[in-house]
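Line by line, the protein sequences are chains A and B. The first sequence begins at 1 in full-length UniProt numbering and counts up one residue at a time. The second sequence begins at 1 in full-length UniProt numbering and counts up one residue at a time. Where a beta carbon is used, it is the ideal one built from N, C-alpha and C, also for glycine.
Number of protein chains: 2
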Amino acid sequence: MGIERHMPGRQPRTRIQKKNTETILEAALDVFSQHGFRGATLDQIAKAAGLSKPNLLYYFPSKVAIHRALIDGLMQTWLDPLRKMRADGDPIEELLAYVLRKLDMAREYPRESRLFANEIVQGAPNIMDKIEGELKDLVEEKAKVIEAWIATGKIAPVNPYHLLFSIWSTTQHYADFDAQVRAILHPEGDSHFTDAAEYLETLFRRMLTP
Amino acid sequence: MGIERHMPGRQPRTRIQKKNTETILEAALDVFSQHGFRGATLDQIAKAAGLSKPNLLYYFPSKVAIHRALIDGLMQTWLDPLRKMRADGDPIEELLAYVLRKLDMAREYPRESRLFANEIVQGAPNIMDKIEGELKDLVEEKAKVIEAWIATGKIAPVNPYHLLFSIWSTTQHYADFDAQVRAILHPEGDSHFTDAAEYLETLFRRMLTP
DNA sequence: CGCAGGTTTGACCATTTGGTCAAGAGAACA
DNA sequence: TGTTCTCTTGACCAAATGGTCAAACCTGCG
Numbered sequence: 001m002g003i004e005r006h007m008p009g010r011q012p013r014t015r016i017q018k019k020n021t022e023t024i025l026e027a028a029l030d031v032f033s034q035h036g037f038r039g040a041t042l043d044q045i046a047k048a049a050g051l052s053k054p055n056l057l058y059y060f061p062s063k064v065a066i067h068r069a070l071i072d073g074l075m076q077t078w079l080d081p082l083r084k085m086r087a088d089g090d091p092i093e094e095l096l097a098y099v100l101r102k103l104d105m106a107r108e109y110p111r112e113s114r115l116f117a118n119e120i121v122q123g124a125p126n127i128m129d130k131i132e133g134e135l136k137d138l139v140e141e142k143a144k145v146i147e148a149w150i151a152t153g154k155i156a157p158v159n160p161y162h163l164l165f166s167i168w169s170t171t172q173h174y175a176d177f178d179a180q181v182r183a184i185l186h187p188e189g190d191s192h193f194t195d196a197a198e199y200l201e202t203l204f205r206r207m208l209t210p
Numbered sequence: 001m002g003i004e005r006h007m008p009g010r011q012p013r014t015r016i017q018k019k020n021t022e023t024i025l026e027a028a029l030d031v032f033s034q035h036g037f038r039g040a041t042l043d044q045i046a047k048a049a050g051l052s053k054p055n056l057l058y059y060f061p062s063k064v065a066i067h068r069a070l071i072d073g074l075m076q077t078w079l080d081p082l083r084k085m086r087a088d089g090d091p092i093e094e095l096l097a098y099v100l101r102k103l104d105m106a107r108e109y110p111r112e113s114r115l116f117a118n119e120i121v122q123g124a125p126n127i128m129d130k131i132e133g134e135l136k137d138l139v140e141e142k143a144k145v146i147e148a149w150i151a152t153g154k155i156a157p158v159n160p161y162h163l164l165f166s167i168w169s170t171t172q173h174y175a176d177f178d179a180q181v182r183a184i185l186h187p188e189g190d191s192h193f194t195d196a197a198e199y200l201e202t203l204f205r206r207m208l209t210p
């Protein structure tokens with residue numbers, strides 16, 4: 001009984017497997033984040049990874065498998081900044097720290113941000129389960145925390161869901177709409193992130209101060 | 001000398017041409033906004049328009065021509081809300097009215113918003129000229145207006161560019177990330193836009209009040 | 001009606017794309 | 001050293017895709 005002929009199992013077993021799966025995911029992040037799922041091709045990814053196309057398909061069974069592996073690996077990292085928001089800290093400082101962490105992620109991991117943006121703009125066909133699962137659960141948990149802070153008068157009353165939406169949108173904007181931001185500001189490197197941090201800190205501090 | 005064999009000129013001449021070009025652009029808006037340029041296919045657009053593929057190519061010479069025609073027609077509408085911001089009105093009310101107009105557009109024209117979002121997330125390959133032209137000019141003009149308002153003390157001092165970015169991102173979020181917003185709030189129809197309007201009005205009023 | 005123009009489409013084409021396969025090249029280990 | 005398992009790839013395939021073309025079909029108008 002032949003079962004699966006070759007194709008490594010879910011976890012890389014050898015050094016070469018580990019190195020190559022990493023190389024592939026790195027290249028795939030480049031390509032998927034730039035062109036979206038349908039716009040990306042295996043040839044592009046293979047070329048970016050310096051491997052042959054059949055070799056990609058030795059490590060991953062299909063194009064969508066590569067995409068899924070990427071998203072799975074990233075979702076964890078992506079939700080980290082929100083998870084780190086502690087209910088027992090100072091409310092305003094916790095929220096502002098969250099804003100700045102999110103902005104840092106937009107600067108450090110713009111490809112990851114664009115990967116999600118591409119996916120969600122197109123209706124989230126491949127990650128809706130994760131949005132309705134992990135993300136939604138975390139958001140509801142944190143919305144309760146924010147409501148508790150409001151109840152104690154530590155922050156001004158605001159709709160916690162729309163507060164989170166506005167934090168996401170304003171910070172991710174600098175990654176997702178990078179092309180537009182740069183066309184308008186034509187900054188040197190990432191210099192505009194300093195201004196963005198100052199602006200967003202002011203924006204949300206004024207919003208939240210009771 | 002045959003010149004162009006058939007293919008209508010830039011402007012529709014007959015009723016049928018007018019009707020069909022409109023049908024095609026409408027269908028193309030559906031498809032491009034959902035899948036991005038590379039992800040959209042002529043077959044999809046043809047099917048959505050109820051026309052045959054060769055018939056599409058009778059009215060438009062190529063896929064990119066359809067896309068370009070769409071973008072050209074939309075850029076005008078897209079910049080309207082910002083154009084309407086009057087330098088001689090009450091600063092805070094002008095800016096808040098702009099925010100609400102932008103939010104209205106996200107509700108009324110989500111496909112248009114996603115069309116631009118798709119394009120810009122992927123590096124704006126087809127519209128960079130317009131961003132660096134019309135959009136940039138308009139933004140610089142309005143940034144000066146905002147700075148003048150700040151100089152007179154009518155609004156709190158803020159970076160006008162980042163203010164505009166935050167208005168764009170927070171409002172367009174409800175169109176571009178609609179799938180995510182709905183997954184988290186699961187609203188009936190557009191009911192969440194009422195909460196969004198209230199939230200954003202509060203957010204920017206607090207930001208701008210001196 | 002007749003017919004000159006605009007309109008529509010079936011059949012076709014070259015290229016691209018995701019994916020397969022069998023055979024060969026490398027490692028590893030006894 | 002030989003053998004077994006891992007890794008790599010050139011050649012190939014079917015489907016999808018953007019686009020062409022000649023022939024047929026309308027339609028308005030004299």
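Should residue i be labelled buried (16 or more other beta-carbon atoms within 10 Å of its own) or exposed?
{"i": "Q172/A", "result": "buried"}
{"i": "H6/A", "result": "Because H6/A carries a pLDDT of 48, less than 50, the predicted location of this residue cannot be relied on, and the following value inherits that uncertainty. That one is exposed."}
{"i": "E93/A", "result": "exposed"}
{"i": "M1/B", "result": "Confidence in M1/B is poor, its pLDDT being 29 and thus under 50, which makes the residue's placement unreliable; the coordinate value appears in the next sentence. M1/B should be labelled exposed."}
{"i": "P160/B", "result": "buried"}
{"i": "G73/B", "result": "exposed"}
{"i": "L14/B", "result": "The amino acid at residue 14/B is misidentified as Leu; the sequence shows Thr. Exposed is the call here."}
{"i": "Y98/B", "result": "buried"}
{"i": "G189/A", "result": "exposed"}
{"i": "T209/A", "result": "exposed"}
{"i": "H186/A", "result": "exposed"}
{"i": "S166/B", "result": "buried"}
{"i": "I120/A", "result": "buried"}
{"i": "P170/B", "result": "The sequence given here has Thr at residue 170/B, not Pro. The residue is buried, with at least 16 neighbouring Cβ atoms inside 10 Å."}
{"i": "V158/B", "result": "buried"}
{"i": "D80/A", "result": "exposed"}
{"i": "D176/B", "result": "buried"}
{"i": "L25/A", "result": "buried"}
{"i": "K102/B", "result": "buried"}
{"i": "A148/A", "result": "exposed"}
{"i": "S191/B", "result": "exposed"}
{"i": "R114/B", "result": "buried"}
Between which two residues does the alpha helix (DSSP H) carrying residue i extend?
{"i": "residue 229/A", "result": "Nothing about residue 229/A can be reported from this structure: the residues present for chain A run from 1 to 210 only."}
{"i": "N83/A", "result": "In the sequence as presented, Asn is not what sits at residue 83/A; that position holds Arg. 63-83 is the extent of the alpha helix (DSSP H) around R83/A."}
{"i": "H35/A", "result": "15-39"}
{"i": "T202/B", "result": "192-208"}
{"i": "P187/A", "result": "No alpha helix (DSSP H) contains P187/A, which DSSP labels as neither H nor E."}
{"i": "A46/B", "result": "42-49"}
{"i": "P54/B", "result": "53-59"}
Below 8 Å on the Cβ atoms is my guess for residue i versus residue j; work out the distance and round it to an integer in Å.
{"i": "A28/A", "j": "L70/A", "result": "6 Å"}
{"i": "D30/A", "j": "A46/A", "result": "Actually they do not touch by this definition, with Cβ atoms about 12 Å apart."}
{"i": "L96/A", "j": "E201/A", "result": "6 Å"}
{"i": "Q34/B", "j": "G123/A", "result": "7 Å"}
{"i": "F193/B", "j": "R111/B", "result": "With a Cβ gap of about 16 Å, F193/B and R111/B do not count as contacting."}
{"i": "K136/B", "j": "A183/A", "result": "6 Å"}
Extract the residue ranges of the beta strand (DSSP E) inside the segment 93-138 of chain B, only unbroken runs of 3 or more that lie entirely within it. none
Cβ-based contacts, 7 Å cut-off: residues of the segment 171-201 of chain B near chain A: H173, D176, F177, A179, Q180, V181, A183, I184, L185, D195, A196, Y199
Compile a chain-ordered list of the residues in the segment 113-135 of chain A whose CB is closer than 7 Å to at least one CB of chain B. R114, A117, N118, I120, V121, Q122, G123, A124, M128, I131, E132
Selection of the UniProt domain "HTH tetR-type" (18-78) of chain A by Cβ proximity to chain B, strictly under 8 Å: Q34, H35, G36, F37, R38, G39
Which residues, taken in chain order from the segment 84-100 of chain B, show a beta carbon closer than 8 Å to some beta carbon of chain A? none
So if I threshold CB-CB distances at 9 Å, which residues from the segment 159-170 of chain A count as touching chain B? N159, Y161, H162, L163, L164, F165, S166, W168, S169, T170
Tell me which residues of the segment 134-152 of chain B have at least one Cβ-Cβ distance to chain A shorter than 7 Å, keeping chain order. K136, V139
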